[in-house]
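What follows is a short report on a single structure.
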Amino acid sequence: MSITGIESDDIFADWKRHRFVMVDQEFDAEKITAVLTDIRFWTDNYDLLRTWCAAHDCELRGMTVEIPSQQTATLFSLRWS
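Each residue of the sequence shown is one higher than the one before, starting from 193 at the first, in this note's numbering.
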């Protein structure tokens with residue numbers, strides 16, 4: 193409950209329970225985008241992520257990773273979940 197007495201929902205609550213979320217491909221059918229949601233985890237593991245992205249032809253952009261294929265997205269999910 194907030195200060196005003198109106199209950200508010202955290203629209204990002206589900207995202208905060210995960211290290212990343214995959215963006216629905218309806219927005220961009222040519223690539224898969226992972227949004228990095230656990231800032232502390234990704235800050236601590238940035239060098240490992242950067243190395244992994246370079247080895248798998250992914251592009252690290254700020255707090256997102258552009259992934260070139262569904263197969264690579266599966267590898268990303270298995271590695272970083």
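Built from N, CA and C at the ideal position, the CB exists for glycine as well.
Is the Cβ-Cβ distance between Arg211 and Trp244 less than 8 Å?
If you number the sequence shown from 1, residue 211 lands on position 19. If you number the sequence shown from 1, residue 244 lands on position 52. Not in contact: Arg211 and Trp244 (Cβ atoms no closer than 8 Å).
Looking at Ala226: is its Cβ nearer than 8 Å to the Cβ of Thr256?
For the purposes of this step, residue 226 is taken as the residue at position 34 of the sequence shown. For the purposes of this step, residue 256 is taken as the residue at position 64 of the sequence shown. It is a contact, given that the beta carbons lie within the stated cut-off.
Under a three-way DSSP split, which group does Arg232 fall into?
Here residue 232 refers to the residue found at position 40 when the sequence shown is read from its first residue. Of the three classes helix, strand and coil, the one that applies to Arg232 here is helix, per DSSP.
For Gln262 and Ile224, which I take to be in contact (beta-carbon distance under 8 Å), what is that distance rounded to the nearest angstrom?
Start at 1 with the first residue of the sequence shown, and residue 262 comes out as number 70. Start at 1 with the first residue of the sequence shown, and residue 224 comes out as number 32. The pair is a contact, with the Cβ atoms about 7 Å apart (cut-off 8 Å).
For Arg271, three-class secondary structure by DSSP:
By 1-based counting over the sequence shown, the position of residue 271 is 79. Correct three-state label for Arg271: helix.
Which class does Arg211 belong to by DSSP, given the choice of helix, strand or coil?
Looking up residue 211 in the sequence shown gives position 19. In this structure, Arg211 counts as coil in the three-state DSSP scheme.
Within 10 angstroms of its Cβ, does Leu240 collect 16 or more other Cβ (buried), or is it exposed?
To locate residue 240, count along the sequence shown from 1; it is residue 48. Leu240 is exposed by the Cβ-count criterion.
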